[in-house]
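Read the structure below first, then the notes.
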Amino acid sequence: MTVTLADIERVVREWHNRHPLARRVRGEAIHSVGWVGLPYMRASQAAEPSLDAPAAPPAPPRPKSLGWHRWRRGNGGAGPWRVFSETFIDGIAPRAVDAFAGHCAWVHVLEGTEDWPLRRIQVDERLAEACHGAWPTERWLLTAAIEYRGDKIRVLIGESQGKLKVLGRHRHWDRLKLTGTGLLIAGAGALGMAAILDRPSPSNEPVRSPQAPASAPSARSSGSPTPLAPASAPATAASASAAPSAPSVQSAAPASDPPEPGPIPSAPVFPPAAASAAPGTANTPSSGGPPHPVGTSSPGSKASVPLRADGEPDIRPRLGPVHRVRPPKPAASELVGPPPAEKASRRSPKSAIQSEAGERESAPPALTGRDRPRSGADKPEHIRAAPTAAGPQVALVSPAFAKKAEAEERLSQMQAHLQATVREGDLQGEVFETPQGWRAAVWPFATRAEAQIVNATMVARGWKTRAVDF
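Written out as structure tokens, the structure is:
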């Protein structure tokens with residue numbers, strides 16, 4: 001097989017550009033082509049037969065560190081065995097060069113390339129001593145340099161099955177491609193980690209006991225009496241009146257047994273004996289004591305609980321009449337006249353605005369329990385304009401205007417602002433004439449604190465309003 005420089009450039013360029021992250025190089029970037037001679041040792045019998053001679057003296061003892069070389073020689077048969085340990089190409093270990101040369105090296109320099117540069121690798125004496133009695137030999141590989149912007153890397157070239165092969169560990173990498181690939185890998189790893197962390201852990205899920213539904217009635221029966229006790233009192237009285245009709249059940253149960261759980265308190269239970277009792281006796285409580293609320297334990301609870309065919313208590317709910325208590329009707333005196341809140345809303349702040357006390361700015365009084373804003377009224381949209389029935393009320397008053405039309409315009413602005421700010425309530429507005437001029441006022445507010453909150457929004461608009469008690 002003949003090898004030319006064009007063939008070497010083509011094979012090396014294809015090998016380098018094959019990687020997707022490598023830079024694309026051209027043929028002129030490949031240069032410095034030459035031969036590399038690799039030292040080997042092979043068995044003497046494989047070279048040529050030797051003449052009859054006296055037996056050779058026994059070999060001197062070798063260091064134990066060279067035992068593995070003798071073992072490799074014994075397992076390798078006739079060789080050849082590598083006797084070099086120099087890393088003459090960066091990134092390619094001597095063992096990798098040996099493995100590549102075993103399949104792709106030439107046994108001699110090719111014809112027509114004798115004038116190419118040639119380099120022989122130095123023999124390692126320790127490896128050569130391990131091959132006692134072997135003959136030296138050489139194997140040849142081609143080498144070439146790939147240069148890109150002053151950076152050089154070298155590769156080895158051999159031949160296998162009529163095709164040139166390339167051995168190399170480095171390429172001229174494209175930094176932009178490497179950065180993009182690294183970001184993609186990091187993003188995929190972050191997404192995978194987020195998916196793993198968001199997955200619910202099976203050990204954190206609560207384990208539901210199959211006995212939880214069965215224990216619910218007992219937990220309810222052992223609790224305090226429910227508010228439904230007045231409504232279920234007739235059913236309890238009926239159960240207590242029907243207790244003497246089941247003497248066999250009471251005699252069969254020992255006195256030391258714990259009380260059975262009663263029925264579910266959501267509906268009254270009427271046993272068959274109570275259902276067959278007369279209507280006149282159903283609402284009569286027993287003489288043994290006051291009736292117990294439904295769902296609580298009582299001395300006669302075993303007799304009042306219906307039994308199934310197998311003798312177990314039947315805890316299924318049964319429908320029964322529901323007694324509802326109507327609220328008392330209001331007295332006739334309470335219906336006469338308007339409500340106090342309506343009376344209070346009819347009051348006018350005119351006298352307070354025209355008085356000198358309303359004119360000068362005074363310190364706000366201390367907040368009492370009524371004056372404190374309600375929970376959630378710290379914002380204007382949460383304020384309810386609903387004044388109290390008695391006591392002083394608060395109005396928001398504008399500064400004095402020389403003309404009534406100006407005061408009416410300011411009143412319309414204040415009312416529009418209140419409609420957009422205050423959610424509930426009906427605030428009144430009017431223009432009053434004072435010794436200083438015309439003033440616009442809106443009222444009433446429930447507390448001074450809530451009026452100050454709305455006043456702050458008006459002052460922020462530059463209206464210079466203030467709160468006045470009346």
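So the sequence shown is numbered by the UniProt record's numbering: it starts at 1 and just counts up by one. Beta carbons: idealized from backbone N, C-alpha and C, even for Gly. Since we're looking at a predicted model, the values are computed, not measured.
Residue i and residue j look like a contact to me (Cβ under 8 Å); what is the Cβ gap, rounded to whole Å?
i, j, result
"residue 84", "residue 39", "5 Å"
"residue 398", "residue 439", "6 Å"
"residue 11", "residue 166", "6 Å"
"residue 437", "residue 470", "19 Å between Cβ atoms; not a contact."
"residue 421", "residue 457", "6 Å"
"residue 435", "residue 395", "Incorrect: roughly 18 Å between the Cβ atoms, too far for contact."
"residue 43", "residue 79", "6 Å"
"residue 156", "residue 92", "7 Å"
"residue 27", "residue 18", "That belief does not hold up - the Cβ atoms of residue 27 and residue 18 are roughly 15 Å apart, past 8 Å."
"residue 106", "residue 159", "7 Å"
"residue 452", "residue 441", "That pair is no contact at about 16 Å."
"residue 146", "residue 108", "Not confirmed; about 26 Å, so no contact."
Alpha carbon to alpha carbon, how far is residue i from residue j?
i, j, result
"residue 197", "residue 189", "12 Å"
"residue 407", "residue 460", "19 Å"
"residue 34", "residue 95", "21 Å"
"residue 418", "residue 445", "12 Å"
"residue 29", "residue 143", "14 Å"
"residue 136", "residue 178", "46 Å"
"residue 140", "residue 191", "51 Å"
"residue 176", "residue 113", "40 Å"
"residue 415", "residue 351", "21 Å"
"residue 138", "residue 195", "58 Å"
"residue 413", "residue 429", "11 Å"
"residue 307", "residue 313", "4 Å"
"residue 431", "residue 353", "11 Å"
"residue 81", "residue 41", "5 Å"
"residue 393", "residue 403", "27 Å"
"residue 316", "residue 199", "41 Å"
"residue 133", "residue 98", "21 Å"
"residue 170", "residue 193", "32 Å"
"residue 9", "residue 184", "34 Å"
"residue 32", "residue 180", "33 Å"
"residue 409", "residue 463", "12 Å"
"residue 328", "residue 405", "53 Å"
"residue 15", "residue 111", "25 Å"
"residue 154", "residue 174", "18 Å"
"residue 89", "residue 161", "25 Å"
"residue 433", "residue 411", "13 Å"
"residue 427", "residue 443", "5 Å"
"residue 186", "residue 86", "38 Å"
By DSSP, does residue i sit in helix, in strand, or in coil?
i, result
"residue 474", "What is shown of the chain runs 1 to 470, which leaves residue 474 out entirely."
"residue 450", "helix"
"residue 417", "helix"
"residue 4", "coil"
"residue 158", "strand"
"residue 110", "coil"
"residue 467", "strand"
"residue 24", "coil"
"residue 172", "coil"
"residue 461", "coil"
"residue 439", "strand"
"residue 121", "coil"
"residue 308", "coil"
"residue 89", "coil"
"residue 153", "strand"
"residue 82", "strand"
"residue 483", "The displayed coordinates of the chain run from 1 to 470. Any statement about residue 483 would go beyond what the structure contains."
What first and last residue would you give for the beta strand (DSSP E) that runs through residue i?
i, result
"residue 100", "Unbroken run through residue 100 is the alpha helix (DSSP H), 94 to 104; no beta strand (DSSP E)."
"residue 145", "135 to 148"
"residue 433", "428 to 434"
"residue 39", "30 to 42"
"residue 166", "163 to 167"
For the alpha helix (DSSP H) containing residue i, name the first residue and the last one.
i, result
"residue 190", "175 to 198"
"residue 127", "125 to 130"
Of all the CB atoms in chain C, is at least one closer than 8 Å to the CB of residue i?
i, result
"residue 148", "The structure shown contains no chain C; it holds only a single protein chain."
Does the Cβ of residue i lie closer than 7 Å to at least one heavy atom of the ligand MG?
i, result
"residue 157", "Questions concerning the ligand MG fall outside what the structure shown contains, since it holds no ligand whatsoever."
Stretch pair the stretch 1 to 19 + the stretch 117 to 130: three plus CB contacts closer than 8 Å: Segment contact: the stretch 1 to 19 against the stretch 117 to 130, fewer than three CB-CB distances shorter than 8 Å; contact not assigned.
For the 8 Å Cβ check, are there 3 or more pairs between the stretch 18 to 28 and the stretch 91 to 105? With contact defined as three or more Cβ pairs closer than 8 Å, the stretch 18 to 28 and the stretch 91 to 105 are not in contact.
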